[in-house]
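**Student:**
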Amino acid sequence: MNRWTREIERPRERLLRGGAQNLSSAELIAACLGSGLPGESAQQLAERLIQQFGSPLALIAAPTEKLLACRGLGQARTAQLKAVHELACRSDEYTLAKSGPLQNVSAVSRYIRRRIGHRERETFACLFLDTRYRPICWEELFLGSVNRAHVHPREVLKRGIVLNAAALVLAHNHPSGIAEPSQADLQLTRELKDLLRRVDIEVIDHVIVSPTTSVSLAARGLLGS
3 MNRWTREIER PRERLLRGGA QNLSSAELIA ACLGSGLPGE SAQQLAERLI
53 QQFGSPLALI AAPTEKLLAC RGLGQARTAQ LKAVHELACR SDEYTLAKSG
103 PLQNVSAVSR YIRRRIGHRE RETFACLFLD TRYRPICWEE LFLGSVNRAH
153 VHPREVLKRG IVLNAAALVL AHNHPSGIAE PSQADLQLTR ELKDLLRRVD
203 IEVIDHVIVS PTTSVSLAAR GLLGS
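The sequence shown begins at 3 in the numbering used here and counts up one residue at a time.
1. So, using beta-carbon positions, are residue 95 and residue 137 closer together than 7 Å?
2. Would you tell me roughly how many angstroms separate the C-alpha atoms of residue 194 and residue 161, rounded to the nearest one?
3. When the Cα atoms are used, what is the spatial distance from residue 30 to residue 64?
4. Mind checking who residue 141 pairs with in its DSSP beta bridge?
5. Compare the Cα-Cα distances from residue 142 to each of 126, 56, 155, 157 and report the closest residue.
6. Take every Cβ of the stretch 84 to 101, pair it with every Cβ of the stretch 58 to 72, and state whether three or more of those distances are shorter than 8 Å.
7. Alpha carbon to alpha carbon, how far is residue 205 from residue 221? Give it in angstroms, no decimals.
8. How far does the beta strand (DSSP E) with residue 172 in it extend, from its first residue to its last?
9. At what residues does the beta strand (DSSP E) containing residue 204 begin and finish?
10. With DSSP as the reference, label residue 216 as helix, strand or coil.
11. Using a Cβ-Cβ cutoff of less than 8 Å, which residues in the same chain neighbour residue 77 once the five nearest sequence positions on both sides are dropped?
12. For the 8 Å Cβ check, are there 3 or more pairs between the stretch 163 to 178 and the stretch 196 to 212?
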């Protein structure tokens, strides 16, 4: 085994020997990537990518097309990173399924932040819930610009009826990095809550996220009556 082969295998060897919890974020990404490039080890590649995207979460949450455009990330490595991100999201879904969004606001916020917190364009989504407040599915319904997504309330209503949802969590991101609700956000929340109430679908929260923060309107008492 030559020096280069030993170098690219080190993160995986350390993971198997000492456990994933003892590796740095860059080493975990390197273990996922498997190998580096000529003149750049897997860990160096991982460190460059983390620096480029700003954080490990921003890296794995980045759009597929943006990852594919990075030097050193072909289809296979991009697929590996997206699989890691999806598994993290599904782990949060499992937590929500066990405890329910009403009992675990922080888990809801974390889940939504993983899903859309790092998006460069505003995305409006819903977490649809059953009668026991367990997740039915997560759907991204409207994609907008860097500062606004045009939301059509009746489309939200239609999806809730089709999915036989009893409740839902509204969600959107603020690409500006500031997760504070605007007056337009509050007005939309009231409009959706009133509309969905007519078909017995409860809006239990509206969570606004940025890459690092989140705001629950329910926790702030801003959902209205």
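Just so you know, even glycine gets a beta-carbon here, dropped at the ideal spot from N, CA and C.
**Tutor:** Reading from the atomic positions:
1. Cβ distance < 7 Å, so residue 95 and residue 137 count as in contact.
2. Each residue's alpha carbon lies about 13 Å from the other.
3. Distance between the alpha carbons of residue 30 and residue 64 is about 17 Å.
4. In the DSSP output, where bridge partners are listed per residue, residue 141 has 128.
5. Ranking the options by Cα distance to residue 142, first place goes to 126.
6. In this structure the stretch 84 to 101 lies against the stretch 58 to 72, because at least three pairs of beta carbons, one per stretch, are closer than 8 Å.
7. Answer to the nearest angstrom: the Cα atoms are 13 Å apart.
8. It spans 169 to 175 - the beta strand (DSSP E) in which residue 172 sits, taken as one unbroken run.
9. First-last of the beta strand (DSSP E) with residue 204: 204 to 211.
10. Judged by DSSP in its simplified three-state form, residue 216 adopts strand.
11. If we look at residue 77 and ignore the five residues flanking it on each side, its Cβ neighbours are 70.
12. Yes, the stretch 163 to 178 is in contact with the stretch 196 to 212.
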